[in-house]
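The sequence shown begins at 24 in the working numbering and counts up by one. No residue lacks a Cβ here, since even glycine has one placed at the ideal position from N, Cα and C.
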Amino acid sequence: MNNNNNNVRRDEESPISSNLKQLIKELMAELLGTYMLMLIGCSATCAYVLNIKGIPDKHVDYAGVNYCWGFGAFVGICASMAISGGHINPAVSIAFATLKRFPWQKVGPYILAQVVGAFLGTATAYLVYVDQINTQHDLDPLRNNTDLRAFGHALSTGGIFSTYPAPHSTLLVCIIDQVVATCSLLISVCVVVDKNNLNVPMYLQPFLLAFVIATHAQAFGFNTGCGMNPARDFGPRLFTAIAGWGFNVFSPLDGHYWWTVGIVGPTIGAVLGVWIYYYAVEYFYSPPKPVDTIIDGIHERKPVFDGPVFGRKPLTGLPLDRCLSRLGQLSHFDTYNKETVCDGVLVDLELCDTAGLDDMRRLRYLTYLETDVFIVCFSIVSPKTFHNVINKWIPEMKESLPNKPFILVVANNRTLDGQWEYFETVAQRYGSGL
24 MNNNNNNVRR DEESPISSNL KQLIKELMAE LLGTYMLMLI GCSATCAYVL NIKGIPDKHV
84 DYAGVNYCWG FGAFVGICAS MAISGGHINP AVSIAFATLK RFPWQKVGPY ILAQVVGAFL
144 GTATAYLVYV DQINTQHDLD PLRNNTDLRA FGHALSTGGI FSTYPAPHST LLVCIIDQVV
204 ATCSLLISVC VVVDKNNLNV PMYLQPFLLA FVIATHAQAF GFNTGCGMNP ARDFGPRLFT
264 AIAGWGFNVF SPLDGHYWWT VGIVGPTIGA VLGVWIYYYA VEYFYSPPKP VDTIIDGIHE
324 RKPVFDGPVF GRKPLTGLPL DRCLSRLGQL SHFDTYNKET VCDGVLVDLE LCDTAGLDDM
384 RRLRYLTYLE TDVFIVCFSI VSPKTFHNVI NKWIPEMKES LPNKPFILVV ANNRTLDGQW
444 EYFETVAQRY GSGL
């Protein structure tokens, strides 16, 4: 009896540790992604701003800087996309949370990881170019006026790392600039990542997103330097305040620039962008077409036996018509069909063993298209199965067919042995998570 209790309690602890490990993994991915964005972007800006003599073989032009920022984003997104979604931008995390495409409870930790990554990336770029920065600070008038080191002069270096307003720019214009730029950026991001639109392969998305970011930096870079990213602006600003530029870095436009233009403007723009795309495009999507109209010429089941273990070999690289039946069924997996009557209606139940492999996800989507209701099961005595339901299967189903209902079924595969009260507590605790 005690051994059973101990086993159950060990199982009960597993989702917590698993959730924590997964969150840490995602946060480290966001930190690394934002770090690479800032390291490459700030280093390119250093090469541009600090080349005061215009030496030809060391010259980086303005467009080159913007495209370095874009490809810094490319590296950052590639590093984090499969793990955390590749946000590397607090405005992106908040915007997708408002659409219920990202859990609100992760927004705070993601923002912290992104800001820390931006801070560390800036610090690394500073260490690489510290000698050239100090040389420029020794020039008049920066030598005797530390306030000008941040902004206000052609030789100022604060703009290498963070964003500052162009001369004669007003606060209102700068805010509008960032709202419009980030709104346009997020609409473009939605176009690239929307699987129901162009369905761009995931391996191409980082490249296209890099091009989108670089293009927006080029198009909207005059008034504010086009931050479009609160972490990209605040992390470097905090670093420069500590590293010798002083708290004058927070003073542009009467001290309101850093939080209105650097943080609030991009966040508002990002939220507007995702909702504009949703109501302009996603809202009008037609119901999915039957798979037999999408994949022509597939009329019979064609099992796959490519490997010593049937049903577990990844399908990557296999011809599509070898993996699907006429109705889009994954012939690679075990399936069980049963016709039954529910409230006087004949219902076709199909149980699919999909192995849960991530590289099957795009093919699993095709099996969802004719689904009316999802039935999802987990074991009451195996919290790990509930963790998989909440963190993997339900998000995948909502992403594939967001308007389809699902029924959560609690199963029990062990004898309760009089532990009804304990299991009732477990059930209530887990059920409240939905």
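Residues bridged to residue 398 (per DSSP) | DSSP lists 430 as partners of residue 398.
Consult DSSP for residue 239 and reduce its assignment to one of helix, strand or coil.
-> Helix at residue 239.
Going by the CB atoms, is the gap between residue 109 and residue 103 shorter than 7 Å?
-> Their beta carbons are under 7 Å apart, which means residue 103 touches residue 109 by this criterion.
Please name the residue in 252, 251, 272 whose C-alpha comes closest to that of residue 261.
-> Ranked by Cα distance from residue 261, the first of 252, 251, 272 is 272.
If residue 414 and residue 45 are in contact, beta carbons under 8 Å, what's the gap, nearest whole angstrom?
-> Residue 414 to residue 45, Cβ: 7 Å. Contact.
What are the boundary residues of the alpha helix (DSSP H) that includes residue 160?
-> Here the alpha helix (DSSP H) through residue 160 covers 130 to 160.
Cβ pair residue 216, residue 247 closer than 7 Å | It is not a contact, given that the beta carbons lie outside the stated cut-off.
So residue 420 and residue 409 are in contact, right, with Cβ under 8 Å, and what is the actual spacing, rounded?
-> With 8 Å as the limit, residue 420 and residue 409 do not qualify as a contact, their Cβ atoms being about 15 Å apart.
Can you tell me the Cα-Cα spacing of residue 197 and residue 255, whole angstroms?
-> Rounded to whole angstroms, residue 197 and residue 255 show a C-alpha spacing of 16 Å.
Cβ-Cβ separation, residue 93 to residue 237 (assumed contact under 8 Å), whole Å | Separation of the CB atoms of residue 237 and residue 93 is rounded to 3 Å, and the pair is thereby assigned contact status at 8 Å.
Residue 140 to residue 395, Cα distance in whole Å?
-> So the two alpha carbons sit approximately 43 Å from each other.
Report the residue ranges of all beta strand (DSSP E) runs contained in full by the region 107 to 132; include only those spanning at least 3 residues, in chain order.
-> Qualifying beta strand (DSSP E) stretches: none in this window.
Buried versus exposed call for residue 86 [16 or more other C-beta atoms within 10 Å across all chains shown] = For residue 86, the number of other beta carbons within 10 angstroms of its own is below 16, and it is reported as exposed.
Let me know the secondary structure DSSP gives residue 168 once reduced to three states.
-> The answer is coil: DSSP assigns residue 168 none of H, G, I, E or B.
Stretch pair the region 181 to 200 + the region 219 to 232: three plus CB contacts closer than 8 Å = The region 181 to 200 is not in contact with the region 219 to 232.
Ignoring anything shorter than 4 residues or poking outside the region 252 to 305, list the alpha helix (DSSP H) runs there in chain order.
-> Correct list: 253 to 263, 288 to 303.
Could you give the DSSP three-state label for residue 225: helix, strand or coil?
-> Under the three-state reduction of DSSP, residue 225 is assigned to coil, being neither helix nor strand.
In angstroms, rounded to a whole number, what distance separates the CA positions of residue 235 and residue 187?
-> Their Cα atoms are separated by approximately 22 Å.
State yes or no: is the C-beta of residue 132 within less than 7 Å of the C-beta of residue 55?
-> Cβ atoms of residue 132 and residue 55: not closer than 7 Å.
Excluding sequence positions up to five away, which residues of its chain have a Cβ less than 7 Å from the Cβ of residue 119?
-> The residues are 125, 297.
Assigned exposure category for residue 136 - 16 Cβ within 10 Å defines buried | Buried is the label assigned to residue 136, since at least 16 other Cβ atoms lie within 10 Å of its Cβ.
Got a sec, what are the start and stop residues for the alpha helix (DSSP H) residue 209 sits in?
-> Note, residue 209: alpha helix (DSSP H), 194 to 216.
In angstroms with no decimal places, state the Cα-to-Cα distance between residue 98 and residue 178.
-> Cα-Cα distance, rounded: 30 Å.
For residue 152, the nearest candidate out of 107, 166, 84, 73 (CA to CA) = Closest by alpha carbon: 73.
Please look up how many angstroms separate the CB atoms of residue 294 and residue 121, rounded, as I've assumed it's under 8 Å.
-> Rounded, the Cβ-Cβ distance is 5 Å, consistent with contact.
Thinking C-beta only, is residue 114 closer than 7 Å to residue 289?
-> Yes, Cβ-Cβ distance for residue 289 and residue 114 is below 7 Å.
State buried or exposed for residue 159, treating a residue as buried only when at least 16 other CB atoms are found within 10 Å of its CB.
-> Counting of Cβ neighbours within 10 angstroms places residue 159 among the buried residues, the total reaching 16 or more.
Return the first residue and the last residue of the alpha helix (DSSP H) that residue 417 is part of.
-> 417 to 423 is the extent of the alpha helix (DSSP H) around residue 417.
Simplified DSSP state of residue 307, which is helix, strand or coil = DSSP places residue 307 within a helical segment (H, G or I) once states are collapsed to three.
Can you tell me whether DSSP reads residue 73 as helix, strand or coil?
-> Coil.
Run through DSSP, which three-state label would residue 83 get?
-> Of the three classes helix, strand and coil, the one that applies to residue 83 here is coil, per DSSP.
If you draw a straight line from the C-alpha of residue 240 to the C-alpha of residue 433, how long is it?
-> So the alpha carbons of these two residues sit roughly 50 Å apart.
Out of curiosity, what's the CA-to-CA distance linking residue 129 and residue 242?
-> In this model, residue 129 and residue 242 are separated by some 32 Å (Cα to Cα).
Starting from the C-beta of residue 308, find all residues in its chain whose C-beta is less than 8 Å away, skip the five residues before and the five after it, and write them out in chain order.
-> Hits under 8 Å: 219.
Residue 58 and residue 143: beta carbons closer than 7 Å?
-> Remark: C-beta atoms of residue 58 and residue 143 approach each other more closely than 7 Å.
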